[in-house]
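Student:
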Amino acid sequence: MDFGPYLILASIEGAVQAAVLALTAVGLSLVFGVMRVVNVAHGEFYMIGAVLAWWVSTSVGGHPAVGFIAALVLAPLVAGALAALCDFLILRRVDYDPESTIVATIGLLYIIQQTTLMTYGPDARPIEPPFNERIALPWVQYGENGLEWYYPWGFGTTTYKLFVIVAAILLLVGVWAVLARTRIGMILRASQLDPDMARAFGVNVDRVYALVFGAGAALAALAAVLIAPIQQAHYLMGGDPLLLSFIVVIIGGLGSVAGTVVAAVLIGMSDGVISMFFSPTLAKIIATMLVAFVLIFRPQGIFGKRVA
Amino acid sequence: MKREDWRPWALHGGLVATLALLYFVLPPYHAGVLPRVMVLSVYAMGYNILFGYTGLLSLGHAMFFSAGMYGLGLTIQHLDFTPAPAFLVGLIAATLLAAIVGALALRTVGVAFMIVTLMFAQSGFLAALYFGEYTRGDEGFAIQQADRVLWGVDLSNETNRFFAALILFAITLFTIAFVVRSAFGRALVAIRENEARAEMLGYNVTRLKLQAMILSGLIAGAGGAAYALLFGYAGATFASVQYSILPLLWVLLGGAGTTIGPFVGALFMFYLIDFSSEFTDAYLLVAGLALVLLTLFARAGIVGELRRRVWGWLP
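Residue numbers (this note's numbering), protein chains in the order written: chain E, 7 to 314; chain B, 6 to 320.
What follows is the structure, given as structure tokens:
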């Protein structure tokens, strides 16, 4: 294959990754934005989403689409409810102290991951996509008759991958609409700006926190259900999305949905493209170093606001 | 000035003496477990300097541990170093890394500091995988028995290994007991308790924190180098996030800011995991539960709670 088709292929893979990453990272960003809490167990809620997708789609018979739609509804609900429970049982009791929260969510990470290992097992399990037609993509080249179309071998994508991109965009617009245009969004912003004042105006801030923590986890689970048919469901799959979400959220500016989405596209695309041409490990090294240096030299972006 | 309290010294001396005696009393399995626990407690004691005494929560100490480990392992493996200079290389590698990472990461505070250290450690882990040609990545490499003879003592031998671990443990324990009672150690505690006030009192807080970071990295590196030397193995697993979280867990469990807490925590956790791994592969579940329960119910850890409730003099 020529360089051109190769680059386009890498960009499509990158776009799929970016779409899923944006959803996951917005969940993390939402939690930090409203609650000022870093959820280290975020990747595990993502993993739960994929595992539930496998479980639902295998227990619901019939066409794969039935199971997929059921998973799309159930997985975020279950993951969200679980996260809200964790908030209620643990985070609230340490009073959302930043360091205790991180230690507690590291604990949660192990608990969720290892419980999945005990019940679901160590295997990676495939999930059948609801539809998966192959689309061959054309390319042009100079032939005997000047420019001509042809379909290079292996150059193409699938309808499901395009669906993932579109679905993620729609969901992100939905999140933005809820945050910016509804009463719920207003309550969230009020709790973020000044929890005490929000309380004085009759907002049940504790409930808002549980809801936000649940919603963040639900977004991660939703992203995982979307990606599960392309990857597989595995109990250790939460690590990479967690790391990448961190990277995205920090570079994009924590709490800002728009910034997070832009950074997700940037990181997802460049990760896809760099990984295709260089080593994926090198791409990750560059990305993690970038985060460290952004935090050191541009702290005002995110954490700086709270501490300074 | 108050007379020097003899009890902390008796406690530390007693602990080391008891450990030495235990080797002759314990059944072989447990005598084999103890060197590992002692070396890992050295790592945890290094972590404790920064976390327990200075109040800085790092999520990246695995990079110092593995810097020590690879500093020793790679020079023995590829440059045919003998153990003593290789150990020194491990210490220098960890110290230098701690100085560089500290100088950068200490520009941030709180949650940002945790994430910056986490990211640097993650880059270190990925670098260990990237240079898999030399490090053999996750699989790691074994250090041959012939390369593990230090000054004529074969460290792969059970007895020698036990007492080598004990000597390192004792040196670290007494050094730390001394350091935390010195003016330097008191200044670190002052920073932990109230950084703004420590600064107002005229302490150069940034410099003290950097010194704490370097000392902490050096000790963690000594733990890593000793681990590679005594157990004859170096691998990227020891650079992973999990190995950054474990010392945090041990120190929290045993008691942050206490001299023997890291050892108590590491010992307790080792047996807890050992015990639970008889029932399930998912032994890390225990680590997770311990972390959550500690944050909820026992913020001071075992030794910390003892100090708070019974023996106020505990160091």
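C-beta: ideal position from N, C-alpha, C; glycine also.
If you're wondering where the values come from, they're calculated on a predicted model, not measured in any experiment.
Mind listing the chain E neighbours of leucine 109(B)? Cutoff is C-beta to C-beta under 7 Å, in chain order.
Tutor: Here residue 109(B) refers to the residue found at position 104 of the second sequence. Ile302, listed in chain order.
Student: Buried or exposed: glutamine 119(E), going by 16 or more other Cβ atoms within 10 Å of its Cβ?
Tutor: Within the first sequence, the letter at position 113 stands for residue 119(E). Classification for glutamine 119(E): buried.
Student: Within 8 Å of any Cβ in chain E, is that where the Cβ of alanine 292(B) sits?
Tutor: As a first step, residue 292(B) must be located in the second sequence, where it is residue number 287. Yes - at least one Cβ of chain E is within 8 Å of the one on alanine 292(B).
Student: Using only the alpha-carbon positions, how far apart do leucine 272(E) and phenylalanine 51(E) sit?
Tutor: As a working mapping, residue 272(E) is identified with position 266 in the first sequence. As a working mapping, residue 51(E) is identified with position 45 in the first sequence. Between leucine 272(E) and phenylalanine 51(E), the C-alpha separation is close to 24 Å.
Student: With a threshold of 16 other CB atoms inside 10 Å of the CB of phenylalanine 283(E), please say whether the residue is buried or exposed.
Tutor: Within the first sequence, the letter at position 277 stands for residue 283(E). The residue in question, phenylalanine 283(E), is exposed, as its Cβ has fewer than 16 Cβ neighbours within 10 Å.
Student: Are leucine 24(B) and leucine 234(B) close, meaning C-beta to C-beta below 8 Å?
Tutor: The residue labelled residue 24(B) in the question sits at position 19 within the second sequence. The residue labelled residue 234(B) in the question sits at position 229 within the second sequence. Cβ atoms of leucine 24(B) and leucine 234(B): not closer than 8 Å.
Student: Return the residue from the list Gly244(E), Trp60(E) and Ser276(E) that minimises the CA-CA distance to proline 132(E).
Tutor: Translated into the one-based positions of the first sequence, residue 132(E) becomes position 126. Proline 132(E) has its Cα closest to that of Trp60(E), out of Gly244(E), Trp60(E) and Ser276(E).
Student: Do phenylalanine 219(E) and valine 37(E) have their CB atoms nearer than 8 Å?
Tutor: Here residue 219(E) corresponds to residue number 213 of the first sequence, with the count starting at 1. Here residue 37(E) corresponds to residue number 31 of the first sequence, with the count starting at 1. Against a cut-off of 8 Å, the Cβ pair of valine 37(E) and phenylalanine 219(E) comes out as a contact.
Student: Less than 7 Å between C-beta atoms, sequence neighbours within five positions excluded: which residues of the same chain meet that for leucine 194(E)?
Tutor: Translated into positions along the first sequence, residue 194(E) becomes position 188. Correct list, in chain order: Val40, Leu185, Val214 and Val218.
Student: Just mark glutamate 19(E) as buried or exposed, buried being the case when its beta carbon has 16 or more other beta carbons within 10 Å.
Tutor: In the first sequence, the residue the question calls residue 19(E) occupies position 13. Buried, by the Cβ-count rule.
Student: Could you tell me which chain E residues have their CB closer than 7 Å to the CB of isoleucine 176(B), listed as they occur along the chain?
Tutor: Along the second sequence, read from residue 1 onward, the residue named residue 176(B) stands at position 171. None at all; the shortest Cβ gap to chain E is about 30 Å.
Student: Is there a C-beta anywhere in chain E that falls below 8 Å from the one on methionine 6(B)?
Tutor: Start at 1 with the first residue of the second sequence, and residue 6(B) comes out as number 1. Residue confidence is low: methionine 6(B) scores 45 on pLDDT, short of 50, so the model does not pin down where it sits. No coordinate-derived value is stated.
Student: Got a sec, what are the start and stop residues for the beta strand (DSSP E) leucine 153(E) sits in?
Tutor: By 1-based counting over the first sequence, the position of residue 153(E) is 147. Its beta strand (DSSP E) spans residues 152 to 156.
Student: With respect to the alpha helix (DSSP H) encompassing arginine 166(B), which residues constitute its N-terminal and C-terminal limits?
Tutor: For this step, residue 166(B) is matched to residue 161 along the second sequence. Residues 163 to 186.
Student: Pull up the CB-CB distance for alanine 216(E) and proline 82(E), whole angstroms please, since I reckon it's below 8 Å.
Tutor: By 1-based counting over the first sequence, the position of residue 216(E) is 210. By 1-based counting over the first sequence, the position of residue 82(E) is 76. Actually they do not touch by this definition, with Cβ atoms about 15 Å apart.
Student: Taking Cβ positions only, does serine 262(E) come closer than 8 Å to chain B?
Tutor: Within the first sequence, numbered from 1, the residue matching residue 262(E) stands at position 256. It does not; no Cβ of chain B falls within 8 Å.
Student: Buried or exposed for threonine 264(B), please, with buried defined as at least 16 other CB atoms from any protein chain shown within 10 angstroms of its CB.
Tutor: Stepping through the second sequence from its first residue, residue 264(B) is reached at position 259. Buried.
Student: Smallest Cα separation from alanine 25(E): which of Ala196(E), Met243(E), Arg205(E) and Lys167(E)?
Tutor: Taking the first residue of the first sequence as position 1, residue 25(E) is located at position 19. Nearest of Ala196(E), Met243(E), Arg205(E) and Lys167(E) to alanine 25(E), Cα basis: Lys167(E).
Student: Going straight from the alpha carbon of isoleucine 148(B) to that of methionine 68(B), what length do you get?
Tutor: Residue 148(B) sits at position 143 when you count from the first residue of the second sequence. Residue 68(B) sits at position 63 when you count from the first residue of the second sequence. Straight-line Cα distance between these residues: approximately 20 Å.
Student: Hey, is lysine 167(E)'s beta-carbon within less than 8 Å of any beta-carbon in chain B?
Tutor: The residue labelled residue 167(E) in the question sits at position 161 within the first sequence. Cβ-Cβ to chain B under 8 Å: no for lysine 167(E).
Student: Would you mind telling me which residues of chain B sit closer than 9 Å to glycine 113(E), beta carbon to beta carbon, in chain order?
Tutor: Looking up residue 113(E) in the first sequence gives position 107. By Cβ distance, chain B contributes Leu254, Ala292, Gly293, Leu294, Ala295, Leu296, Val297, Leu298, Leu299 and Thr300.
Student: I need the DSSP call for tyrosine 248(B), collapsed to helix, strand or coil.
Tutor: Residue 248(B) sits at position 243 when you count from the first residue of the second sequence. Looking at tyrosine 248(B) - three-state DSSP - the assignment turns out to be helix.
Student: Could you tell me the boundaries of the alpha helix (DSSP H) in which alanine 183(E) lies?
Tutor: On the first sequence, position 177 is the one that residue 183(E) refers to. Note, alanine 183(E): alpha helix (DSSP H), 165 to 187.
Student: Bridge partners of isoleucine 1(E), per DSSP?
Tutor: Since the first residue shown for chain E is 7 and the last is 314, residue 1(E) is missing from the structure and cannot be characterised.
Student: Give the secondary structure of tyrosine 126(E) by DSSP, where H, G and I count as helix, E and B as strand, and everything else as coil.
Tutor: Here residue 126(E) refers to the residue found at position 120 of the first sequence. Of the three classes helix, strand and coil, the one that applies to tyrosine 126(E) here is coil, per DSSP.
Student: Hey, does tyrosine 135(B) have any beta-carbon neighbour from chain E nearer than 8 Å?
Tutor: Counted from its first residue, the second sequence places residue 135(B) at position 130. Judged by the 8 Å Cβ criterion, tyrosine 135(B) is in contact with chain E.
Student: Go ahead and pull the three-state DSSP assignment for glutamine 82(B).
Tutor: As a working mapping, residue 82(B) is identified with position 77 in the second sequence. Helix, per DSSP.
Student: Report yes if the CB atom of tyrosine 116(E) is closer than 8 Å to the CB atom of glycine 293(B), and no otherwise.
Tutor: Working through the first sequence from its first residue, we reach residue 116(E) at position 110. Working through the second sequence from its first residue, we reach residue 293(B) at position 288. Yes.
Student: Taking 6 Å as the limit between beta carbons, can you name the residues of its chain near threonine 80(B), skipping five residues before and five after?
Tutor: Here the question's residue 80(B) lines up with position 75 in the second sequence. Only Phe86, Ala91 and Val94 meet the Cβ criterion.
Student: What residues match up with tryptophan 145(E) in a beta bridge as DSSP calls it?
Tutor: Here the question's residue 145(E) lines up with position 139 in the first sequence. Tyr156(E), per the DSSP bridge assignment.
Student: On the three-state DSSP scale, how would you describe phenylalanine 309(E)?
Tutor: Indexing the first sequence from 1 puts residue 309(E) at position 303. In this prediction, phenylalanine 309(E) has a pLDDT of 37, which is less than 50 and means its spatial position is unreliable; what the coordinates show is noted afterwards. Note: phenylalanine 309(E) maps to coil in three-state DSSP.
Student: Can you find a CB in chain B that lies within less than 8 Å of the CB of leucine 288(E)?
Tutor: Against the first sequence, residue 288(E) aligns to sequence position 282. Yes, because at least one Cβ of chain B sits closer than 8 Å to the Cβ of leucine 288(E).
Student: I'd like to know if the segment 30 to 46 of chain B and the segment 255 to 271 of chain B are in contact, where contact means that at least 3 CB-CB pairs between them fall below 8 Å.
Tutor: The answer is yes - the segment 255 to 271 of chain B touches the segment 30 to 46 of chain B, with three or more Cβ pairs under 8 Å.
Student: Determine the chain E residues that contact glutamine 127(B) at a beta-carbon separation under 7 Å, and present them in chain order.
Tutor: Taking the second sequence and counting its residues from 1, one reaches residue 127(B) at position 122. Per Cβ cutoff of 7 Å: Leu249 and Thr294.
Student: Among residues of its own chain, excluding the 5 on either side of asparagine 165(B), which ones have a beta-carbon nearer than 7 Å to its beta-carbon?
Tutor: Taking the first residue of the second sequence as 1, we reach residue 165(B) at position 160. If we look at asparagine 165(B) and ignore the five residues flanking it on each side, its Cβ neighbours are Val158 and Asp159.
Student: Using 10 angstroms around the beta-carbon of methionine 119(B), count the other beta-carbons present and answer buried if the total reaches 16, otherwise exposed.
Tutor: Taking the second sequence and counting its residues from 1, one reaches residue 119(B) at position 114. Buried: at least 16 other Cβ atoms inside 10 Å.
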